[in-house]
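Here is the structure we will look at.
Number of protein chains: 2
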Amino acid sequence: MMTKLDTRRKEILRAIIQSHIDLNVPIGSILITQRFPFKLSPATIRNTMARLEEMGYIKQPHRSAGRIPTEKGYRFYIDTLMEDQSLSVNSDLSRELSSRLGTINNDSKSLIREAARSLSLFSRYLAIATPPKIDDILVKRIKFIKYDRRKVLAVIISDEGVIKNRIIELDDIYSQKQLDEASDDLNTKFSDLTIRKVREEIAYQIYREKTVCNQLVANLLHFCKEIIPSDYDDFSLNSLSGTSNLPDFVNMKQVKAILRAIEDKRFMLKLLQQISDSKGTQVFVGMENIFPAMKELSMVVSTFSYRKHESGTVGIIGPTRMNYRELIPIVDHTAKALTHILSEA
Amino acid sequence: MMTKLDTRRKEILRAIIQSHIDLNVPIGSILITQRFPFKLSPATIRNTMARLEEMGYIKQPHRSAGRIPTEKGYRFYIDTLMEDQSLSVNSDLSRELSSRLGTINNDSKSLIREAARSLSLFSRYLAIATPPKIDDILVKRIKFIKYDRRKVLAVIISDEGVIKNRIIELDDIYSQKQLDEASDDLNTKFSDLTIRKVREEIAYQIYREKTVCNQLVANLLHFCKEIIPSDYDDFSLNSLSGTSNLPDFVNMKQVKAILRAIEDKRFMLKLLQQISDSKGTQVFVGMENIFPAMKELSMVVSTFSYRKHESGTVGIIGPTRMNYRELIPIVDHTAKALTHILSEA
DNA sequence: TAATAGCACTTTACAGCTGAGAGTGCTAAA
DNA sequence: TTTAGCACTCTCAGCTGTAAAGTGCTATTA
Chain W
1 MMTKLDTRRK EILRAIIQSH IDLNVPIGSI LITQRFPFKL SPATIRNTMA RLEEMGYIKQ
61 PHRSAGRIPT EKGYRFYIDT LMEDQSLSVN SDLSRELSSR LGTINNDSKS LIREAARSLS
121 LFSRYLAIAT PPKIDDILVK RIKFIKYDRR KVLAVIISDE GVIKNRIIEL DDIYSQKQLD
181 EASDDLNTKF SDLTIRKVRE EIAYQIYREK TVCNQLVANL LHFCKEIIPS DYDDFSLNSL
241 SGTSNLPDFV NMKQVKAILR AIEDKRFMLK LLQQISDSKG TQVFVGMENI FPAMKELSMV
301 VSTFSYRKHE SGTVGIIGPT RMNYRELIPI VDHTAKALTH ILSEA
Chain E
1001 MMTKLDTRRK EILRAIIQSH IDLNVPIGSI LITQRFPFKL SPATIRNTMA RLEEMGYIKQ
1061 PHRSAGRIPT EKGYRFYIDT LMEDQSLSVN SDLSRELSSR LGTINNDSKS LIREAARSLS
1121 LFSRYLAIAT PPKIDDILVK RIKFIKYDRR KVLAVIISDE GVIKNRIIEL DDIYSQKQLD
1181 EASDDLNTKF SDLTIRKVRE EIAYQIYREK TVCNQLVANL LHFCKEIIPS DYDDFSLNSL
1241 SGTSNLPDFV NMKQVKAILR AIEDKRFMLK LLQQISDSKG TQVFVGMENI FPAMKELSMV
1301 VSTFSYRKHE SGTVGIIGPT RMNYRELIPI VDHTAKALTH ILSEA
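Sequences listed follow chains W and E, in order. Numbering of the first sequence is given in the numbering used here, commencing with residue 1 and proceeding in unit increments. Numbering of the second sequence is given in the numbering used here, commencing with residue 1001 and proceeding in unit increments.
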């Protein structure tokens, strides 16, 4: 008996949430009886609603209004009530997405940016994408290219291409051959370490300078220290797309909060940390845990991986009442498509 | 007599515009007599206002409201009525700006981004910055670095550093020496041409393939064609900062319009063309000429130059009633500081 | 003759009121 | 256990009246 009651409650909760997602108004008992074939009178629905409210799944904006889902309600809906739609939508979107990403020649930056753009187009919400964490990328080679009397182009290369380059100016004039020797020296030290390790190693080498016999190498080491990037530096790579969709679903204060958050490096760092720990598509309902004043917003986000290394993130930010049933598969699929395209290149 | 009247009208027009900038309300005749020591009665002010309205410098939002400036009024104010403030403000801001830009090591991208950030901070409006047009940059050298069996890193270098790099995968295995020869070959053709010229030249060379004797060179030529950037491609470099300031001065529709415009490459292209033709700081009052639906917005924008080449732009977008007297010098000074820092590196 | 004071008129913004509509909880009956 | 009925609550849109701000016109003044 208890079980039967429970399933009914679940059904009604689902009905309320789906109705609220569709209509964006507080949902009353009569509306439910009209939209769903429960064969129950409004009064019965009301009783159940009262119970659901006690349990914290729904709430009233004010006395004598319909109910709207709480965050707990959405959470429960997403985790256990919502039926998967992944296949039906994909066939259509999948083509479109693939063709959009397919036209980009294998430049990972543009690819990630285009993924964000597509996602914002499909979802009509704000899309964000962050590139893979660079701290864990393996450094393949450090190369110095002479291109003027004293000017040298320093390039740090990983499996995935150029991580960073910078023109440096040396005190003395060196030949390309000397530079090659120096870079060989450095490469034996650093190659196949992660960027994080390289940074630590450089600091250590500089600390006990004695170990470095060659003056040029010592110089270059100091330059490397400056050039070596860190996750924290390079958030310019964040793609966000669809800011023009923003005003549709939020008020001024929220626009402000969102844009500030996204401009803010620390927020993005926090985000990355939260997400890249666990793989797959995740939903954050009501984001006040991560960033205050975003509490009426949700984020659907997924990770993609770039070759074998650490994963980047793509996702959307939208109102808490967004259509999770449609959007979760879209985000999921976008991330998978990204992983696929990036890995085959 | 006519002259005397004219100067009075000018004074009153200035008073109206400055009051409106300060208070953001329609300005009535009594308010003017209170805020300015004209020694005239409100009735006289009213008569003058009626004349100014006939002439199109001010208008009433509705019958029996105070007057607000028209675009023509702002234009006249900026061009002839506004007294320069450049020195007084600078001493303070100049330090702050220099210290902010000074901490950035000479990476032009970050520098431009930081300039936009500072500008948005100082102005409390939306700041934008576009890097120099790349079409007119001189290509210094094209270099191919082998780093795996078939994988080669192609780097296009100008005076200003790496323009573009990309990993390419060749069909055959070549030694670094072969690559060097090939790149020497290409360099004799392309070095010291502008990017635009190089693009044309590559197209021409590919067209009449016979001239190319070496198979490797022919291959690389095709890769170069893909890699060589164009102005239109690379608008990801646009910096905008202070989007969180946006909601303060515009309504939802405008937020939407602005953000869409800025995400839109074509808009930025149009902007660049309009501006980089003439040097110095310019003001666009009411921007509907450039982008429809931005008509209640103005843009103060200035150009900076990166070494001897084409200039980039920095500026702010704000409400038509922004404080031009303060902001024009700020934008102007930011552009000059950028030019200065970029040129000394 | 230019500047001013006075006055009637206009328009907006705002607060307060009202009725319709939607929804609830409770109670009594099926 | 479910349902019908009912009194009650709350919001929303629309209307009204009033105070405030500002104007243009006209008669008067220096």
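Note that beta-carbon positions come from the ideal geometry of N, C-alpha and C, so glycine has one too.
Run the CB neighbour count on residue i, radius 10 Å, all protein chains shown included, and call it buried at 16 or more, exposed below.
i, result
"H62/W", "exposed"
"V25/W", "exposed"
"S1236/E", "For S1236/E, the predicted structure reports a pLDDT of 48, less than 50, and the residue's modelled location is therefore unreliable. The matter cannot be settled from this model."
"Q205/W", "buried"
"T1103/E", "exposed"
"Q1254/E", "buried"
"Q1018/E", "buried"
"P37/W", "exposed"
"M1001/E", "Residue confidence is low: M1001/E scores 32 on pLDDT, short of 50, so the model does not pin down where it sits. Its coordinate-derived value is still stated next. When all chains shown are included, M1001/E counts as exposed."
"I142/W", "buried"
"T350/W", "Because chain W spans 1 through 345 in this model, residue 350/W falls outside it and cannot be assessed."
"K1039/E", "exposed"
"E419/W", "Because chain W is modelled from 1 through 345, residue 419/W falls outside the range shown and cannot be assessed."
"K1177/E", "exposed"
"F1107/E", "Note that residue 1107/E is Asp in the sequence shown here, rather than Phe. Flag for D1107/E reads buried."
"E1263/E", "buried"
Output the distance between the C-alpha atoms of residue i and residue j, rounded to the nearest integer angstrom.
i, j, result
"K1270/E", "A1043/E", "47 Å"
"D1006/E", "A1050/E", "14 Å"
"K1109/E", "T281/W", "33 Å"
"D1185/E", "I1202/E", "13 Å"
"Q215/W", "R150/W", "15 Å"
"L1121/E", "V1300/E", "15 Å"
"D1159/E", "D148/W", "9 Å"
"T1188/E", "I228/W", "33 Å"
"I173/W", "I167/W", "15 Å"
"Y1207/E", "C1224/E", "14 Å"
"K279/W", "G242/W", "25 Å"
"Q52/W", "I12/W", "Residue identity differs from the one stated: residue 52/W is Leu in this sequence, not Gln. Computed Cα separation, rounded: 9 Å."
"A1335/E", "L1272/E", "15 Å"
"A337/W", "E1344/E", "45 Å"
"R1266/E", "R1199/E", "21 Å"
"S305/W", "I30/W", "48 Å"
"S1298/E", "N1289/E", "11 Å"
"D1084/E", "V1331/E", "13 Å"
"T33/W", "I45/W", "8 Å"
"S244/W", "K1256/E", "5 Å"
"Q1274/E", "I1316/E", "15 Å"
"M1294/E", "Y1057/E", "20 Å"
"E1114/E", "L1240/E", "10 Å"
Strictly below 8 Å CB to CB, what residues from chain W border residue i?
i, result
"N1165/E", "V155, G161, V162 and N165"
"S1241/E", "E263"
"D1107/E", "R166"
Provide the residue(s) that pair with residue i in DSSP beta bridges, ordered along the chain.
i, result
"I146/W", "In the sequence under discussion, the amino acid at residue 146/W is Lys, which differs from the Ile named in the question. K146/W pairs with V152/W."
"A318/W", "Reading off the sequence, residue 318/W comes out as Gly, not Ala. Partner(s): S298/W."
"K164/W", "I156/W"
"P1037/E", "Answer is none; P1037/E lacks a bridge partner."
"F304/W", "G312/W"
"S241/W", "A127/W"
"Q282/W", "V301/W"
"V139/W", "S158/W"
"T194/W", "L138/W"
Listing by chain order, which chain E residues have their CB less than 7 Å from the CB of residue i?
i, result
"R260/W", "S1244"
Residue i touches chain W at which residues, Cβ-Cβ below 9 Å?
i, result
"Y1147/E", "K140, R141, K143 and I157"
"D1171/E", "Ordered by position in chain W, no residue passes the 9 Å Cβ test against D1171/E, which lies about 16 Å from the chain."
Starting from residue i, find everything on chain W with Cβ-Cβ shorter than 7 Å and list it in chain order.
i, result
"E1083/E", "Neighbours of E1083/E on chain W: none; closest Cβ ~34 Å, over 7 Å."
Could you list which residues in chain E have their beta carbon closer than 9 Å to that of residue i, in chain order?
i, result
"E114/W", "Here the premise fails: no neighbours, minimum Cβ distance about 11 Å."
How about the region 180-199 of chain W and the region 1131-1143 of chain E: do they share at least three Cβ pairs that are nearer than 8 Å?
no
Any 3 or more C-beta pairs closer than 8 Å across the region 283-291 of chain W and the region 93-103 of chain W:
no
Three-pair Cβ contact test at 8 Å for the region 1066-1079 of chain E versus the region 1319-1336 of chain E:
yes
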